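Below is one structure, written out as structure tokens; the observations come after it.
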Amino acid sequence: MRFYVSDLDGTLLDPQARLSDATRAGLTELLAEGLAFTVASARHVVSIARILEGLPISLPVVSSNGAYISDLRTGRHELVNAMDPALGQAIFALVRRHGLMPFIATHGAKGDQLFWQEVQNEGQQRFVTERQRNADPRLRQVDRLQDQLDDPLVTLLVVGRAEPLEALQAEILATCGDLVTTHLAEDLYMPGWPWLNVHDRRASKDQAIATLAQRYALHERELVVFGDQVNDLTMLKSAHHAIAMANASDDVKQAAHRIIGFHHEDAVVQFIRDDWRASYLRKSS
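Residue 0 is where the sequence shown starts when you use numbering that gives the first Met the number 0, and the numbers rise one by one after that.
Written out as structure tokens, the structure is:
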């Protein structure tokens with residue numbers, strides 16, 4: 000038996016960040032047959048729930064790149080991997096020394112909050128506008144971001160040009176590489192403005208999937224994962240069957256056991272349908 004986990008953007012979703020009718024119908028049918036399936040995304044569970052609304056996924060989802068294991072229907076977190084406030088404050092100070100302005104997502108007594116102070120470029124503006132349009136309940140504009148770092152930091156995100164972000168990532172890793180996980184990747188929906196995400200070292204898709212599998216008695220199944228970007232590499236490298244999209248980055252394709260079609264071709268659900276039903280035949284033969 001197998002356990003399937005898919006990334007969302009650039010993988011399960013179409014180029015407009017939507018779940019196509021064909022993928023929705025296919026997954027609904029397979030889940031009704033008993034398919035063990037969930038998603039692992041950089042998105043927060045609020046965003047995941049909006050996109051997957053109505054899809055009968057009973058397993059928790061891996062959200063914020065593995066910082067959370069979350070219930071899709073209630074938004075409640077079963078697990079939170081966040082940085083100690085002192086570490087979050089040190090990384091924030093480093094970002095500001097580079098002249099950059101981050102977004103910060105925290106988890107504390109008031110729940111999940113996403114703070115921003117000001118926007119410095121088009122990429123940051125798109126990030127804010129999208130969350131305002133979708134009425135993200137976490138979003139707060141504040142006068143001073145540093146005043147919001149008393150709670151554990153879940154995600155620090157910087158949106159900018161590639162070269163400054165590469166320099167910042169290198170210094171963060173040199174300063175506290177053993178304590179954090181970082182991902183630098185292009186924004187699929189606005190090329191030219193890549194995102195640098197910084198999380199606690201325990202926040203990775205592979206670690207979260209392993210914890211979820213253990214908790215839900217799926218750890219003895221073969222793990223099949225689907226991805227397209229750098230934040231998917233850990234789960235691809237830990238899976239029994241690592242599947243890359245045709246639109247995946249080169250490093251993801253190199254880490255994969257197989258490359259399938261493009262994300263706008265419903266390639267994930269087509270693969271799962273064939274593989275899931277073939278596994279039934281193997282089991283019954």
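Glycine included, C-beta positions come from ideal geometry on N, C-alpha and C.
Because the structure is a prediction, the values reported are computed rather than measured.
Under the DSSP definition of a beta bridge, which residues are partnered with PHE36? TYR3
Below 8 Å on the Cβ atoms is my contact criterion, and I expect SER203 with GLY65 to pass it. Report the Cβ-Cβ distance as a whole number of Å. 4 Å
In the DSSP assignment, the alpha helix (DSSP H) including ARG130 goes from what residue to what residue? 121-132
In chain order, what residues of the same chain have a beta carbon less than 8 Å from the beta carbon of ASP186, not counting five sequence neighbours either side? GLY122, ARG125, VAL158, TRP192, PRO193, TRP194
What residue range does the beta strand (DSSP E) around VAL60 cover? 60-62
For chain D, find out if any of its Cβ atoms is closer than 8 Å to the Cβ of ARG201; answer yes or no. The structure shown has no chain D; it contains just one protein chain.
Counting only runs of 4+ residues fully inside the region 67-131, write out the alpha helix (DSSP H) ranges in chain order. 84-96
If the criterion is Cβ atoms closer than 8 Å, does the pair LEU164 and LEU183 meet it? yes
Could you tell me whether the region 2-15 touches the region 210-223, using the rule of 3 or more Cβ pairs below 8 Å? yes
How should ARG72 be labelled, buried or exposed, when 16 other C-beta atoms within 10 angstroms of its C-beta is the threshold for buried? exposed
For ASP177, is the classification buried or exposed, using 16 other Cβ atoms within 10 angstroms of its Cβ as the cut-off for buried? exposed
Taking the CB atoms as reference points, tell me whether PHE114 and PHE102 lie closer together than 8 Å. yes
Using the rule of at least 16 other Cβ atoms within 10 Å of the residue's Cβ for burial, across every protein chain shown, is ARG75 buried or exposed? exposed
Report the option in GLN269, PRO136, PRO14, SER40 whose CA atom is closest to the CA atom of ASP205. SER40
Which of the three DSSP states, helix, strand or coil, is assigned to ARG220? coil
Counting C-beta neighbours from all protein chains within 10 Å, is the total for THR174 16 or more, i.e. buried, or is it exposed? exposed
Counting C-beta neighbours from all protein chains within 10 Å, is the total for PRO190 16 or more, i.e. buried, or is it exposed? exposed
If I'm right that PRO59 touches LEU30 with Cβ under 8 Å, what's the distance once you round it to whole angstroms? Wrong, their Cβ atoms sit about 14 Å apart, outside the cutoff.
According to DSSP, is GLN147 part of a helix, a strand, or is it coil? helix
Does DSSP put VAL197 in a helix, a strand or coil? strand
Keeping to the same chain, check which residues put their C-beta closer than 7 Å to that of GLY9; ignore five residues upstream and five downstream. LEU187, ASP227, GLN228, MET244, ASN246, HIS262
Opening and closing residue of the beta strand (DSSP E) in which ALA243 lies: 240-243
Tell me which same chain residues have a C-beta within less than 8 Å of the C-beta of GLU162, skipping the five on either side of it? none
Here's the rule: buried if 16 or more other CB atoms are within 10 angstroms of the residue's CB, otherwise exposed. What is SER57? exposed
Between SER19 and the rest of its own chain, which residues show a CB-CB distance below 7 Å, the 5 nearest in sequence each way excluded? ASP13, ASP265
Using a 10 Å radius around the Cβ and a threshold of 16 neighbouring Cβ atoms, would you call GLY33 buried or exposed? exposed
For VAL141, the three-state DSSP class (helix, strand or coil): coil
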